[in-house]
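In our numbering, the protein residues as written are 21 to 426.
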């Protein structure tokens, strides 16, 4: 710039410094008139925003005086003056509002410099204002991105602590508060879904957990998730249809089985669902073609063969005893049906009844248990239930307690 140009620039800087207060006041007045969210702030918060705006205007003048209008290289200066504002206002002003604040301030400065400066220097100052506004916007976005990343990591830690406490059956008010802090609304029944964690969940990234929450929200569910060793554990809230709801998050697990435990009344009782789901997951290798997700109930045969006492009690209480208590001939018919290779006519002859009677009784068995004796997998479950029921009855007759569900 020529000596005359340099003198004009120095004079423009002097005039801008003298007008810093009025420019800041004009910008704040525009905010009050044009931004409803600004009017809703408390007096202290409005005052603080006003000070940030003043610091931003003052920062522009300093930046321009140092040659920033010609070659903007000092990004740190911009970040210190205005980019730091969201850190202090993070709980009050969101990113969208901050962008509005920046745009309005820049617009107001541009509108007022026309009356402050000589026409010869206006093009340089206008260009500097635009360049400064761009740098401020980038700096502010970076600050918000960093704040969001830190907040995401903190939320993930809170979430992991809540899930860990649930799995250990230590769900007190503090745990419920942590869960609420990360979006749990404490509504409806809950169920725990477990499976292998995807590779991307092994590091510090919270992307998988955000994906889980997003998928759950799209299906009207709450979700808490954490990585436990090599497993991803997801607690779903608001569960209505167990396997259908679990399907919302199943694609986010790694390879292998994805198991959903039975529903529990609330988060405080979710450990019951988790315990069954984890035991079922260990047994799921016995059914490589299991659907994904698969309920722990559908893995009953594998759980029984793996020595799961809860599964043994479930088979006795939910399958054998309803048959035994309903009509004695149902157990007799089921035993004869399996002994005769699933043949209706052969079973009828062995029981000295009509074939239609056998069909009727098999229908009753299906209604009571939800299992169809002619389906191979259901037949395996029923045969195991028969054996366990007999063992429990024999143990009871000898004064031996049946398997504990504890």
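Even for Gly, the Cβ is constructed at its ideal location relative to N, Cα and C. Fair warning: this is a prediction, and the values are worked out from it, not measured in the lab.
Sequence-distant residues of its chain with Cβ nearer than 8 Å to residue i (five each side left out)
i: residue 346; result: 384, 388
i: residue 183; result: 244, 245, 246, 248, 253, 255
Simplified DSSP state of residue i, which is helix, strand or coil
i: residue 245; result: strand
i: residue 392; result: coil
i: residue 267; result: coil
i: residue 125; result: helix
i: residue 137; result: coil
i: residue 55; result: coil
i: residue 275; result: coil
i: residue 61; result: coil
i: residue 315; result: strand
i: residue 284; result: strand
i: residue 190; result: coil
i: residue 306; result: helix
i: residue 39; result: coil
i: residue 24; result: Any reading at residue 24 must be qualified, since the residue scores a pLDDT of 42, below 50, and its modelled position is unreliable; no value is offered.
i: residue 326; result: coil
i: residue 227; result: helix
i: residue 85; result: helix
Euclidean distance between Cα positions of residue i and residue j
i: residue 242; j: residue 216; result: 21 Å
i: residue 235; j: residue 412; result: 43 Å
i: residue 37; j: residue 120; result: 24 Å
i: residue 63; j: residue 56; result: 14 Å
i: residue 154; j: residue 205; result: 40 Å
i: residue 402; j: residue 322; result: 13 Å
i: residue 75; j: residue 179; result: 38 Å
i: residue 51; j: residue 135; result: 21 Å
i: residue 144; j: residue 124; result: 20 Å
i: residue 270; j: residue 278; result: 7 Å
i: residue 409; j: residue 310; result: 26 Å
i: residue 394; j: residue 218; result: 38 Å
i: residue 207; j: residue 288; result: 12 Å
i: residue 210; j: residue 283; result: 5 Å
i: residue 362; j: residue 266; result: 34 Å
i: residue 118; j: residue 72; result: 11 Å
i: residue 203; j: residue 181; result: 14 Å
i: residue 59; j: residue 78; result: 24 Å
i: residue 268; j: residue 200; result: 21 Å
Which listed residue (the options) has its alpha carbon closest to that of residue i
i: residue 379; options: 407, 354, 207, 246; result: 354
i: residue 54; options: 301, 127, 393; result: 127
i: residue 247; options: 76, 26, 227; result: 227
i: residue 318; options: 398, 229, 139; result: 398
i: residue 343; options: 136, 381, 311; result: 381
i: residue 257; options: 250, 244, 264, 296; result: 244
i: residue 414; options: 336, 229, 212; result: 336
i: residue 286; options: 70, 191, 149; result: 191
i: residue 273; options: 374, 313, 390, 281; result: 313
i: residue 150; options: 189, 31, 80; result: 80
i: residue 293; options: 280, 116, 301; result: 280
i: residue 295; options: 339, 188, 348; result: 188
Own chain partners of residue i with C-beta closer than 6 Å, once the 5 adjacent residues on each side are dropped
i: residue 406; result: none
i: residue 356; result: 367, 370, 371
i: residue 85; result: 33
i: residue 42; result: none
i: residue 306; result: 322
Cut-off 7 Å between Cβ atoms - residues of its own chain near residue i, not counting five sequence neighbours on either side
i: residue 240; result: 258
Proximity test, residue i beta-carbon vs the ligand MN heavy atom, cut-off 6 Å
i: residue 362; result: Of the ligands one can find in the structure shown there are none, so the ligand MN has no counterpart to examine.
- Task: Let me know the beta strand (DSSP E) ranges lying completely inside the region 358–383, each 3 residues or longer, listed in chain order.
- Result: none
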